[in-house]
Amino acid sequence: PSNKVENEPPVIKPSKQDTQKDPTINIDGKTALLGDEIYYRVNIDASRLTDTAYKVWRLGMTDDYDDEYLKLDATNVEILDETGKDVTDKFNIQDKDGVLYAYAKLVDTEIPATGETVKGDPQPEDLKAYSESDEHDPLTRPAIDQTLLGHTYTVTMPMTVIKVTDGYTVKNKATQVLNKIRKDTNEVTNPLKPINPAKDVTVKVGGASANGKSIYKGRSFLYQLDSSILPANRAYPQVDKWDIVDSLDPAFDEYTGQWAVYATRDLLSGGEALASKGDRIAGSGFDSSKLGGDLFTLSAATVDGRNVVTIEATDRYRALVSDDSHEAGWRACIQCKRLAVTDRHENQFTEHYNDKTLESNVVWTRTPDMTPSIDVQKWDRKSGWPNGDRDNSKDALTVSGDTEIVFTITNTSKTDPDTKQGAVFRTKDIKLEDSTIVGDGEVVDLKYPADWDTKVLKPGESIEVTGTLKGVTKTHTDRAKVTGTPLTECPVDTSAPFGDGTSDDESGSKPEAETKSKSDDVVTIDGKDYCSDTKVESATDDWNGYRRTLAQTGAGIALIALAAVVVLGGGAALMAVSRRRKAQAPADTEGSEE
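Numbering (my numbering), first residue to last: 447 to 1040.
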């Protein structure tokens, strides 16, 4: 029998690594964040191909990566041999539709059976088609450079995470192609995790959100600045930079100098809890010695006309959270004072984490015009409202005797459009003044409602005081005004907005200091404490009336008639005297008779 001839198929063992830029730092299975760089390294194994029966005509790899979540920097794909020598120029490389193709270039190839040399160029233009087609005629088609055999080549693919979906994992494996043989590498994975800073606005620590609601002028409030939550087991655990920058508009917000930072995740040191979630770990007046030093610092500066507040993690804090065996996060609160009325004021902060710049959500608040005011209107009961509101002399009432005058006092304070709340007045604190400014007469015997000493006027509510106008003999104008002390809801004591940090609340932050004990100026109305504000005075309101003269009345007409009678009687007497004189006088008095 003849000898037995065996051609064992070539053995190839391609593999894949998932690393940082430093190829020695493996990140396979580590959590990647938006913007993180992932380096896929595909090892093309040609190390056992030194004694092949036939020339190798195709050698390379195909990598179908997840281009929805990853972007390949194709211009920086490189191929190194096992010695680190760059052999990229010996390969054709093409990135097409989310697939990277890297195949050894074809070279001029001598065909022993024909004695001819087949040109390697032109190189394949469509590497997808080249990688998928197994048709090859060794008598007419060129092969690759056979000196490439006997080595291992690493194709480095720099990727950037361009999209993250919580719970999604990017998976990748490549396929090595040797002639007609295809073999997959191992699979590498990276779970993805979004990181998003978040902003809110509250009146006090742990209080309800005031986002989209009212912050009153002159009141203090808190901007709540939540950092991103860093996941555990990160692809890049080292924290080199972490800060939050809040740019305040000085026309509306004034930073008071009060600030605090709370842990939103347990803070560990050597596996032991240094601070628990919700603990205060930095801020104004905070003693950080128990934590081994300052964990955060705050700085404030004016930049481009805005007041910029920066809260920055110190080297110590960054070192603690660079141990990525656990999640990390923090919440900063800065106290501000609202300076002006506005329909809508927006605010947003910027977080810097390593080389990432992240914008928070936008919060907005309004500051309604809550100006307290009071009004008085005078009118006569006889005419009713509004006919009896006789502000001008042309509308004066004809007074024929005692006249009842009504003073309507109204709380005209502006209100919060959401709550409809505004300043209130205790009627017993309202002073009504009325005086005659033209003519005579006066309003006397003022009568106040029975509940005057207990009544509270809320915005839009009115109360009536009555009096009697007496003594008008001719024209009359009197002028009224009221003065009142508005009561507004007492602000919470903000001198120590962050308390002493000794107990938790549900929000993971420490409670604010309690309101100070009530003073004598504090009034409780409907379960809320109200404090006295600056006195306000109404606009003045005039009322006009007049009394008709005798010439305008029936009595005047009677007097005129009486006067006429007197005049007629006087005329008859004169005529009698004239006749007597005529009888006695001579007839030379022409022209004396009337």
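Each residue gets a CB set at the ideal place from its N, CA and C atoms; glycine is no exception.
### Cβ separation of A644 and D612, assumed to be a contact under 8 angstroms, to the nearest whole Å
Position 198 of the sequence shown, counted from the first residue, corresponds to residue 644. Position 166 of the sequence shown, counted from the first residue, corresponds to residue 612. Going by Cβ atoms, the distance from A644 to D612 rounds to 15 angstroms, so no, they are not a contact pair.
### Task
Taking only the alpha-carbon atoms, compute the straight-line gap between V822 and D880 and give it to the nearest angstrom.
For this step, residue 822 is matched to residue 376 along the sequence shown. For this step, residue 880 is matched to residue 434 along the sequence shown. D880 has its alpha-carbon roughly 11 angstroms from the corresponding atom of V822.
### Task
Using alpha carbons as the reference points, say which of V755, N625 and H772 lies closest to T710.
As a first step, residue 710 is located in the sequence shown; it is residue number 264 there, counting from the start. Comparing Cα positions, the closest option is H772.
### Query
According to the Cβ coordinates, are L915 and T813 closer than 9 angstroms?
One-based indexing of the sequence shown puts residue 915 at position 469. One-based indexing of the sequence shown puts residue 813 at position 367. Result no, Cβ atoms of L915 and T813 do not sit closer than 9 angstroms.
### Task
Count the other C-beta atoms from every protein chain shown that fall within 10 angstroms of the C-beta of P818, then say buried if there are 16 or more, exposed otherwise.
Taking the first residue of the sequence shown as position 1, residue 818 is located at position 372. That one is buried.
### Task
Note down, in chain order, each residue of its chain lying with its Cβ closer than 7 angstroms to the Cβ of I1003, except the 5 sequence neighbours on either side.
Position 557 of the sequence shown holds residue 1003. In this prediction, I1003 scores a pLDDT of 44, lower than 50, which makes its location untrustworthy; no coordinate-derived value is stated.
### Query
Among G724, R752, G703 and A719, which one has its Cα closest to the Cα of G731?
Counting from one through the sequence shown, the residue named residue 731 turns up at place 285. For G731, the nearest C-alpha among the options comes from G703.
#### Entry: Coil, strand or helix - A786 by DSSP
The sequence position of residue 786 within the sequence shown is 340, counting from 1. It is coil, neither helix nor strand.
### Task
If I'm right that G506 touches S577 with Cβ under 8 angstroms, what's the distance once you round it to whole angstroms?
Within the sequence shown, the letter at position 60 stands for residue 506. Within the sequence shown, the letter at position 131 stands for residue 577. Correct: roughly 7 angstroms between the Cβ atoms.
### Message
For a minimum of 4 consecutive residues, which ranges assigned as the alpha helix (DSSP H) are wholly contained in the region 453-504?
### Response
Listed in chain order, nothing qualifies, since the region 453-504 has no complete alpha helix (DSSP H) run of 4 or more residues.
### Message
Quick check: P937 and S978, are their CB atoms within less than 9 angstroms of each other?
### Response
Here residue 937 refers to the residue found at position 491 of the sequence shown. Here residue 978 refers to the residue found at position 532 of the sequence shown. For the pair P937 and S978, the CB atoms are not nearer than the 9 angstroms cut-off.
### Element boundaries [beta strand (DSSP E), containing R628]
Residue 628 sits at position 182 when you count from the first residue of the sequence shown. Where R628 is concerned, the enclosing beta strand (DSSP E) starts and stops at I627 to D630.
### Task
Return the residue from the list V707, L741, D491 and D699 that minimises the CA-CA distance to S715.
Mapped onto the sequence shown, residue 715 falls at position 269. With distances taken between Cα atoms, S715 lies closest to L741.
### Message
When you compare the CB positions of L737 and V755, do they come within less than 9 angstroms of one another, or not?
### Response
Taking the first residue of the sequence shown as 1, we reach residue 737 at position 291. Taking the first residue of the sequence shown as 1, we reach residue 755 at position 309. Result no, Cβ atoms of L737 and V755 do not sit closer than 9 angstroms.
### Message
With three or more C-beta pairs closer than 8 angstroms as the rule, is the region 855-874 touching the region 831-845?
### Response
no
### Query
Roughly how many angstroms lie between the CA atoms of E758 and P640, to the nearest whole one?
The sequence position of residue 758 within the sequence shown is 312, counting from 1. The sequence position of residue 640 within the sequence shown is 194, counting from 1. Just so you know, the alpha carbons of E758 and P640 end up roughly 21 angstroms apart.
### Task
Report the rounded CA-to-CA distance for K783 versus A697, giving the unit in angstroms.
Here residue 783 is taken as the residue at index 337 of the sequence shown, counted from 1. Here residue 697 is taken as the residue at index 251 of the sequence shown, counted from 1. So the alpha carbons of these two residues sit roughly 11 angstroms apart.
### Query
Thinking just about the alpha-carbon of each residue, which of Q622, I473 and D591 is nearest to the one in D491?
Locating residue 491 in the sequence shown gives position 45, counting from the first residue. Among Q622, I473 and D591, the Cα nearest to that of D491 belongs to Q622.
### Task
May I ask you to list the residues that DSSP assigns as paired with R680?
Position 234 of the sequence shown holds residue 680. DSSP output for R680 lists T477 as bridge partner(s).
### Task
Determine the direct distance from the alpha carbon of E556 to that of D583, and round the result to whole angstroms.
Within the sequence shown, the letter at position 137 stands for residue 583. Within the sequence shown, the letter at position 110 stands for residue 556. Cα-Cα distance, rounded: 13 angstroms.
### Query
Around the C-beta of G751, are 16 or more other C-beta atoms found within 10 angstroms, so that it is buried, or is it exposed?
Within the sequence shown, the letter at position 305 stands for residue 751. The residue is exposed, with fewer than 16 neighbouring Cβ atoms inside 10 Å.
### Query
Just checking my contact of N636 with T602 at CB under 8 angstroms: how many whole Å lie between their CB atoms?
Walking along the sequence shown from the start, residue 636 turns up at place 190. Walking along the sequence shown from the start, residue 602 turns up at place 156. Not quite, the Cβ-Cβ distance comes to about 16 angstroms (not below 8 angstroms), so this is no contact.
### Task
Please determine if the region 976-996 and the region 919-935 are in contact, where contact requires at least 3 C-beta pairs separated by less than 8 angstroms.
yes
### Message
Suppose contacts are defined by Cβ-Cβ distances below 9 angstroms. Is G868 in contact with D862 by that definition?
### Response
Start at 1 with the first residue of the sequence shown, and residue 868 comes out as number 422. Start at 1 with the first residue of the sequence shown, and residue 862 comes out as number 416. Yes, these two residues count as a Cβ contact at 9 angstroms.
### Query
Relative to the C-alpha of V749, which residue among A706, P455 and V691 is closest?
The residue you call residue 749 lines up with position 303 of the sequence shown. The option with the nearest alpha carbon to V749 is V691.
### Query
When the Cα atoms are used, what is the spatial distance from R777 to T521?
For the purposes of this step, residue 777 is taken as residue 331 along the sequence shown, with counting starting at 1. For the purposes of this step, residue 521 is taken as residue 75 along the sequence shown, with counting starting at 1. Using only the alpha carbons, I get a separation of about 41 angstroms.
### Query
Counting pairs of beta carbons, one from the region 461-474 and one from the region 624-635, are three or more of them closer than 8 angstroms?
yes
#### Entry: Three-state class that DSSP yields for Q794 in the structure shown
Working through the sequence shown from its first residue, we reach residue 794 at position 348. It is coil, neither helix nor strand.
### Task
Can you tell me which of the three DSSP states E983 falls into?
One-based indexing of the sequence shown puts residue 983 at position 537. For E983, the three-state secondary structure derived from DSSP is strand.
### Task
Please report how far the alpha carbon of R790 lies from the alpha carbon of K802, in whole angstroms.
Here residue 790 is taken as the residue at index 344 of the sequence shown, counted from 1. Here residue 802 is taken as the residue at index 356 of the sequence shown, counted from 1. One C-alpha to the other measures close to 30 angstroms.
### Query
Which runs of the beta strand (DSSP E), 3 residues or longer, sit entirely within the region 688-737?
Segments of the beta strand (DSSP E) lying fully in the region 688-737: 688-694, 699-709, 713-715, 718-721 and 726-729.
### Message
Which runs of the alpha helix (DSSP H) at least 4 residues long sit entirely within the region 536-582? Give them in chain order.
### Response
573-578
### Task
Whole angstroms is fine: what's the gap from Y662's alpha carbon to R827's?
For the purposes of this step, residue 662 is taken as residue 216 along the sequence shown, with counting starting at 1. For the purposes of this step, residue 827 is taken as residue 381 along the sequence shown, with counting starting at 1. Taking the straight line joining both Cα atoms gives about 40 angstroms.
### Task
Could you tell me the boundaries of the beta strand (DSSP E) in which L878 lies?
Numbered from its first residue, the sequence shown carries residue 878 at position 432. That run of the beta strand (DSSP E) goes K877 to G885.
#### Entry: Reference D939, options D482, F667, E700 and Y486, closest by Cα
As a first step, residue 939 must be located in the sequence shown, where it is residue number 493. Checked all of D482, F667, E700 and Y486; the closest Cα to D939 is F667.
### Neighbour-count burial assignment, V457, 16 or more Cβ in a 10 Å radius
Walking along the sequence shown from the start, residue 457 turns up at place 11. Classification of V457: exposed, given that the 10 Å Cβ count is below 16.
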